Amino acid sequence: MDFALLGSVAGFALATCGTPGPNNMLLTSSGTRFGYRPTLKLLLGIMLGLQALMLLTALGLGQLFMRWPALQWGLKIAGSGYLLWLAYRIGRAPPPGSREAEPGMRWHQGALFQFLNPKSWLMAISAISGFTLAGEQYWPSAVMVLAVFLFFGVVTGHVWALFGIHVRRWLRSERDWRRFNLLMALLTAASVLMIWC
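Mind the numbering: the sequence shown is residues 1 to 197 in this note's numbering, read in order.
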């Protein structure tokens with residue numbers, strides 16, 4: 001095993017999985033609204049979707065985006081639209097326990113969301129194209145990349161979810177909840193800017 005490569009992959013995975021983005025905003029919001037167990041299911045769904053996306057990228061799906069840039073534009077437009085719709089839903093969500101409260105995103109929705117999440121595509125394409133080795137080492141290095149991303153994705157996802165769970169202690173009134181939801185909605189919407197910059 002090339003430990004220099006492993007260190008590079010680990011640093012990249014920590015930076016991309018740990019920084020704010022759509023997945024981490026969803027985990028924070030879910031942790032605050034629904035607690036640990038539903039958020040853990042969402043986290044596992046997100047990681048399952050990201051692993052599937054990275055595997056498909058390793059199998060060659062990422063080459064489509066390099067050959068046909070129009071696909072990248074289509075993904076950016078669809079992903080931006082979905083993120084803005086998601087931000088709207090988060091911003092309009094009533095406090096937990098109210099009659100209007102809706103269930104959170106399910107694990108399979110978190111998994112499917114990765115295929116519309118431009119940050120996930122960017123992570124997958126960058127990781128597979130940047131850290132896999134040529135020839136006979138391709139699949140062992142690809143498996144290593146997937147394993148490292150799984151590890152850091154679960155760890156950093158837990159951090160964001162636990163942050164949301166701790167924030168819940170400070171939200172005592174309906175006004176507090178509405179402010180928090182608005183903040184999460186704005187941060188989710190702001191992630192659209194990262195897609196286009």
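Glycine is no exception: its CB is placed at the ideal position from the N, C-alpha and C atoms. Only a predicted model underlies this, so the values are computations on that prediction, with no experimental measurement involved.
Look at P22 here: in three-state DSSP terms it is helix. In the displayed model, R179 falls within a helix according to three-state DSSP. Its chain contains A10, A13, L14, C17, G18 as the residues whose beta carbon lies nearer than 8 angstroms to that of F152, once the 5 sequence neighbours on both sides are disregarded; these appear in chain order. Under a 10 Å Cβ-count criterion, G7 is classified as exposed, with fewer than 16 other Cβ atoms of the shown protein chains found around its own Cβ. Under the three-state reduction of DSSP output, S173 falls in the coil class, being neither helix nor strand. If you compare the alpha carbons of G74, L162, S120, R89 with that of G31, the shortest gap goes to L162. By the criterion of a C-beta distance shorter than 8 angstroms, K119 is surrounded in its chain by T16, G21, P22, N23, S191, M194, I195, once the five residues flanking it on both sides are discounted. Taken through DSSP and simplified to helix, strand or coil, T156 comes out as helix. If you draw a straight line from the Cα of A52 to the Cα of T28, it is about 23 angstroms long. At the C-beta level, G35 and A111 stay beyond 9 angstroms of one another. Using a C-beta cut-off of 8 angstroms, the region 138-152 makes contact with the region 52-65, since at least three inter-stretch Cβ pairs fall below that distance. R168 carries a helical assignment under DSSP once its states are collapsed to helix, strand and coil. For H108, same chain residues with a beta-carbon under 8 angstroms away, outside a window of 5 residues either side, are G45 in chain order. Rounded to the nearest whole angstrom, the CA to CA distance from L86 to A124 is 22 angstroms. Going by beta carbons, Q114 and G74 fall outside the 9 angstroms limit. Around the CB of G62, 16 or more other CB atoms lie within 10 Å, so the residue is classed as buried.
F131 has its alpha-carbon roughly 44 angstroms from the corresponding atom of D176. Between L116 and G157, the gap from beta carbon to beta carbon reaches 9 angstroms or more. Closest by C-alpha distance to V154, out of L5, M47, L26, is M47.
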